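Trainee: I am attaching a structure below and will ask some questions about it afterwards.
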Amino acid sequence: MSRPRTTRCAKRPAPQLAVAPCAATAKRRRLAPPESPWASLNPHLLRLVAERALASDLLDYVRLRAVCAAWRSATACPRGRGITDPRFHPRRWMMFPEGHGLHPGHAKLCGFVRFFNLSTGALARAKLPLFQDHMVLDSVDGLLLLQRDHDTAIRLLHPFTGDIADLPPLETLRPQMGNTTNSVLWNYNEEKHRIGFLRDVCASVSVNDTGSITVMLAFHLFNRVAFAASGDLQWTLSKCDFGRPCWRTLSYQGKLFMVKAKHDITGNSDILQIDPPNDQDAEGSPLPEKELAPKLVATIPWPLFSGRMRLGDTDNWP
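Under full-length UniProt numbering, the residues of the sequence shown are numbered 1 to 318, in order.
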């Protein structure tokens, strides 16, 4: 009897195991960004965009540099040149008054100071520990002119880069005043009067090609201008008295401008300009002090103006 024929089943392929990547590996893959095409932007075009951003606002320029390492390395860093390079001055930013007695350096502010953008209305906050022992005298192109409490040393601070330019103490002006009413005001016993005397000042800042910084201070209470450059040991008080009545002084492009009413039959008013002093002339000798004498820019006829006038800087208008 024949044995029953058995059919041999075809060999089945071994089942394939599905290996799933671990969650951590998958997450790393998802987080790894593709190479950005912005890093390969034409350098000439990048510099052009950076110049436009810087002309608009310093913080726009800072944000542009933060896009990628290639952009950051191809553009100039503001830190270290925030004062000596006028392009990096934060012109459109002013220190924001907190009110309620919260002056800069108040313990409740924890060392922070807020700044207001005159064009966009944006607010920015910076930690400035210098305000623990400094007070603000003026702000020029967004730079803060500070006076140190214990020795009246003047310091120019860039609030966003932290750059500082040191200038001589204001105390060096006292011997130049002599026994005048100004000297009496300076030596006034009550600190609040002395602070008011110092704060009634308008400053201008100019930077020459070598990076030297010159600051002029127009003191409204005694109609004189003092000036000093970075590296000087003392302030120099100009011999020229620009007289009264001179209304509030304006700083613009390193110069000082003021309006002075004439005491004559015309009743006209003059707009005067004071240029920053130059260190030396072509021959290498110091220039005469008359360089700080105000010069006439324009005369406003009385029929066109019969009240108190204030100059304004239209570059900072929205």
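Glycine included, C-beta positions come from ideal geometry on N, C-alpha and C.
The structure presented is a predicted model; accordingly, all values stated were derived computationally and were not measured.
1. Output the boundary residues of the alpha helix (DSSP H) element that contains glutamine 176.
2. Under a Cβ-count criterion, where at least 16 other Cβ atoms within 10 Å of its own Cβ denotes burial, should arginine 87 be classed as buried or exposed?
3. Should lysine 165 and leucine 156 be called a contact, given that it needs their Cβ atoms to be closer than 7 Å?
4. Check whether the Cβ atoms of aspartate 138 and alanine 70 sit closer than 7 Å, and answer yes or no.
5. Determine contact between the segment 228-236 and the segment 246-255, defined as no fewer than three beta-carbon pairs at a distance below 8 Å.
6. Using DSSP with H/G/I as helix, E/B as strand and the rest coil, what is alanine 153?
7. With burial defined as no fewer than 16 other Cβ atoms inside 10 Å of the residue's Cβ, what is the status of threonine 161: buried or exposed?
8. For the beta strand (DSSP E) containing alanine 217, list its first residue and its last residue.
9. Please tell me whether, using a cut-off of 6 Å, the distance from the CB of valine 67 to the nearest non-hydrogen atom of the ligand NAP is below it.
10. On the CB-based measure, 16 or more other CB atoms within 10 Å of its CB, does aspartate 133 come out buried or exposed?
11. Whose CA, out of Arg47, Ala53, Trp235, Val225, lies closest to the CA of phenylalanine 257?
12. Who are proline 169's beta bridge partners in DSSP?
13. With a threshold of 16 other CB atoms inside 10 Å of the CB of serine 238, please say whether the residue is buried or exposed.
14. Mind checking which residues open and close the beta strand (DSSP E) that includes tryptophan 93?
15. Going by beta carbon distance, what residues of the same chain come within less than 8 Å of threonine 299, once the five residues before and after it are set aside?
16. Quick one: Cα of alanine 66 to Cα of arginine 72, how far?
17. Take lysine 290 and list the residues in its own chain whose beta-carbon comes closer than 6 Å to its own, dropping the five residues that flank it on each side.
18. Do you know how far the Cα of proline 301 is from the Cα of leucine 130?
19. Check lysine 262 in the structure and name its three-state DSSP category.
20. Does DSSP classify phenylalanine 115 as helix, strand or coil?
21. Out of Gly142, Val207, Val201, which one is the CA nearest neighbour of phenylalanine 222?
22. Go through the segment 36-78 residue by residue and report every complete run of the alpha helix (DSSP H) that reaches 4 residues or more, in order.
23. Determine the DSSP secondary structure at alanine 293, reduced to helix, strand or coil.
24. Which residues bound the beta strand (DSSP E) around alanine 203?
Mentor: The relevant details are as follows:
1. Note, glutamine 176: alpha helix (DSSP H), 174-177.
2. Around the beta-carbon of arginine 87, fewer than 16 other beta-carbon atoms lie within 10 Å, marking it exposed.
3. The sequence shown places alanine at residue 165, rather than the lysine named in the question. Yes, these two residues count as a Cβ contact at 7 Å.
4. No; because the gap between Cβ atoms is not below 7 Å, this pair is not in contact.
5. Output reads no: the segment 246-255 does not touch the segment 228-236.
6. Note: alanine 153 maps to strand in three-state DSSP.
7. Answer is buried; the Cβ neighbour count reaches 16.
8. In the sequence as displayed, the identity of residue 217 is leucine instead of alanine. It spans 213-219 - the beta strand (DSSP E) in which leucine 217 sits, taken as one unbroken run.
9. The ligand NAP is not among the ligands present in this structure, which contains no ligands whatsoever.
10. So aspartate 133 counts as exposed.
11. The shortest Cα separation from phenylalanine 257 among Arg47, Ala53, Trp235, Val225 belongs to Val225.
12. DSSP links proline 169 through a beta bridge to Ala153.
13. With 16 or more neighbouring CB atoms inside 10 Å of its own CB, serine 238 falls in the buried class.
14. Counted as a single uninterrupted DSSP element, the beta strand (DSSP E) harbouring tryptophan 93 occupies residues 93-95.
15. Correct list, in chain order: Asn268, Ser269, Asp270, Ile271.
16. Rounded to whole angstroms, alanine 66 to arginine 72 spans 6 Å at the Cα level.
17. Per-residue confidence for lysine 290 stands at a pLDDT of 45, beneath the threshold of 50, marking its modelled position as unreliable; the derived number appears in the next sentence. Same-chain partners within the cutoff: there are none.
18. For leucine 130 and proline 301, the gap between their C-alpha atoms comes out near 46 Å.
19. Assigned with DSSP and collapsed to three states, lysine 262 falls in coil, not helix or strand.
20. Residue state, collapsed to three classes: strand.
21. Phenylalanine 222 has its Cα closest to that of Val201, out of Gly142, Val207, Val201.
22. Complete alpha helix (DSSP H) runs here, min 4: 43-56, 58-65, 69-74.
23. In the structure shown, alanine 293 sits in coil (DSSP, three-state: anything other than H, G, I, E or B).
24. Counting along the chain, the beta strand (DSSP E) containing alanine 203 begins and ends at 201-207.
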